[in-house]
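Only one structure is covered here, and it is reproduced in the block below.
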Amino acid sequence: MDALIIEGPAQLKGSVDISGSKNAALPLLFSSILFDEEIRFKNVPRLWDIETTLSLLETMGAEFSWEKDEGTISILPSIKTKMAPYEWVRRMRAGILALGPLVAKYGEAKVSLPGGCAIGARPVNFHIDAMKQMGISVEVEQGYIKAQVPKRISGAHIVFPQVTVTGTENLMILACHAEGATRIENAAQEPEIVALGEVLNRCGAKISGLGTPVLEIEARRLNPPVNPISIPPDRIETGTWISASVASRSELLIRNCDSAQLTSIIQAYRRLGTGIDVLSDGAQMKIRPPDRYEALELETAPYPGFPTDMQAQMLANLCLAWGKSRLRETIFENRFMHVAELRRLGAKISVQGNVAEVDGPSILQGAPMMATDLRASASLIVAALSAHGQTKISRIYHLDRGYQRLDRKLSALGARVTRIIE
Ligand code: EPU
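Using numbering that gives the first Met the number 0, you'd call the opening residue of the sequence shown number 0 and step up by one each time.
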């Protein structure tokens, strides 16, 4: 297994380009199931989760070609097996995104239950309940969700009990294929929902309210997209680079980003004391770390709130801030696995329930650490950039699931990072 060795404290210099968004790309790739023609994508990030998605589509009968360096993919869906097996869904929970498109297009699907992961139990009951409301018969048997459309998918009035990103994505696709209109309340407002909705609308769908908590969807016949679908920049990768700049106290120019999607992240880092200049109509940001960081209180929330996917990285930064910081995690019940690792570097963090309290500032010292999930890996790297001495981060495969060559991008900026095989 790969591990990273980082010599800190790091000094970064120059500019970094943001890759395409993982969480926008995954639902868009799965939506190719809806069409019979070849669908093309560009600005696709080079990630394990993309590899897993393509392999899963391949087991269903799809053919694809992926130019990894160019970031282009074409998929000829030609689905024969309407099933997403456990073998793939256990590697990537986003496999649940096959459910909506399969049922919409073929009226049936058998998709493995994703199961829990390092950050929480992560059930999919909201997806299932909403599908039942649309007249789809859904049973859970032997670890699989079996869905069948007895007559037709019916438009419905769905109120999600809690905001769900992939749930909104699956239901939005089903609603495009229903008879009658659908209203989704408490819908996710994440930019990834907007990206999917805009592509569907370009294909002939009628979805209004994108980016708000209420979506109105009228069923329409979808035509395949004419032009390649372009994956927007990754807002969490962008936030992670702000975090890396703060950790290394180095000025950094972030390019090819969409700063309009980072309002809550920018606000939080400004409160910490960081200077952030938004340039080039929001496509670039200059990060200017101050001499002293101030402690802050913050909580994660669905978009437009501060994202849970940035909580771990922010926690690593708060170790450098003066005073007591409090970070409340409101989305996932178990997303503090990185805390025990950060403590190994000398961080003073205590966790009570869903609140992490940080006593700062700490002078972090390098130590061996173990990555537990994707964003935790990013947090440990950020902490290692600010620590003195050598840090080894094991199980770095989590990182490769969701960050395009983060270690190479860091090396190009002057950080001393080496990838080794353990
Ligand atoms: N939930 C339920 N029942 C459901 C669905 C969700 O109880 O049927 C709960 C979850 O357990 C969680 C909360 O609702 O406590 C929100 O979960 P959500 O469904 O929004 O999460 P998701 O769609 O599985 C996506 C991202 C995650 C990101 C979350 C929250 C993708 C592929 N994944 O997951 O990304 O953390 O939304 O923003 O879009 C990551 O990239 O590292 C990552 C974990």
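Even glycine gets a Cβ: it sits at the ideal position worked out from N, Cα and C.
Given the structure is predicted, the values throughout are model-derived calculations rather than measurements.
Give me whichever residues DSSP pairs with residue i in a beta bridge.
i: H387; result: Q364
i: I183; result: I157, L214
i: F63; result: I74
i: F40; result: I72, I228
i: V381; result: For V381, which the question treats as bridged, DSSP gives no partner whatsoever.
i: V139; result: I144
i: A355; result: L326, V350
i: V110; result: A83, I144
Using C-beta distances below 8 Å, list every residue in its chain close to residue i, excluding the 5 sequence neighbours before and after it, in chain order.
i: C256; result: I17, P232, R234, T237, G281, A282, Q283, M284
i: R220; result: G203
i: D128; result: none
Just to confirm my understanding: we take residue i, look at its own chain, exclude 5 residues before and 5 after, and list those with CB closer than 6 Å. What are they?
i: G119; result: F331, E332, N333
i: S229; result: K41, N42
i: R39; result: S73, P227
i: A194; result: A23, P231
i: E189; result: V164, Y302
i: A186; result: T167, P212, L214
i: L209; result: V193, G196
i: G106; result: V148
i: H397; result: A370, D372, L373, S376
i: A97; result: F29, A83, V110
To the nearest angstrom, how far is the alpha carbon of residue i from that of residue j?
i: R291; j: Q312; result: 18 Å
i: A265; j: I275; result: Rather than Ala, the amino acid found at residue 265 in this sequence is Ile. Their Cα atoms are separated by approximately 7 Å.
i: M59; j: T165; result: 20 Å
i: L278; j: D406; result: 26 Å
i: K391; j: W87; result: 29 Å
i: P303; j: P288; result: 24 Å
i: V162; j: M130; result: 16 Å
i: G272; j: I253; result: 18 Å
i: T181; j: E69; result: 38 Å
i: V357; j: S249; result: 23 Å
i: P212; j: A174; result: 16 Å
i: I416; j: L199; result: Residue identity differs from the one stated: residue 416 is Val in this sequence, not Ile. Their Cα atoms are separated by approximately 41 Å.
i: S64; j: T80; result: 20 Å
i: V110; j: N169; result: 13 Å
i: T52; j: L101; result: 14 Å
i: P315; j: V137; result: The question names Pro, yet the displayed sequence has Ala at residue 315. Approximately 42 Å, taken between the alpha carbons.
i: P122; j: M0; result: 29 Å
i: F305; j: G154; result: 32 Å
i: A414; j: A267; result: 25 Å
i: S258; j: V225; result: 28 Å
Report yes if the CB atom of residue i is closer than 8 Å to the CB atom of residue j, and no otherwise.
i: S361; j: K347; result: yes
i: I95; j: I32; result: no
i: V338; j: A355; result: yes
i: L412; j: K104; result: no
i: D48; j: L27; result: no
i: A146; j: I157; result: no
i: L326; j: Q351; result: no
i: R400; j: L56; result: no
i: S207; j: E215; result: yes
i: E469; j: A117; result: Given that the chain is displayed from residue 0 to residue 421, the structure contains no residue 469 and the question cannot be resolved.
i: A294; j: L261; result: no
i: L384; j: G7; result: yes
i: P84; j: A61; result: no
i: E178; j: I152; result: yes
i: K247; j: A9; result: Note that residue 247 is Ser in the sequence shown here, rather than Lys. Contact flag set, yes.
i: A422; j: H176; result: The structure shown does not extend to residue 422, since the chain is modelled only from 0 through 421, so no value can be given for it.
i: A386; j: L319; result: no
i: S244; j: I286; result: yes
i: I4; j: I395; result: no
So that I know if they touch, is there some Cβ in chain D lying closer than 8 Å to that of residue i?
i: G94; result: The chain inventory of the structure shown lacks chain D, comprising one protein chain alone.
Between which residues of its own chain and residue i is the CB-CB distance below 7 Å, once the five residues before and five after are set aside?
i: E340; result: M368, M369, L379
i: T329; result: E298, T299, A300, N353
i: S349; result: E356
i: E36; result: P223
i: Q403; result: S18, P44, R45, L46
i: F422; result: A question about residue 422 goes unanswered here, because the residues of the chain that appear run from 0 up to 421.
i: M133; result: I152, S153, A155, L173, A177
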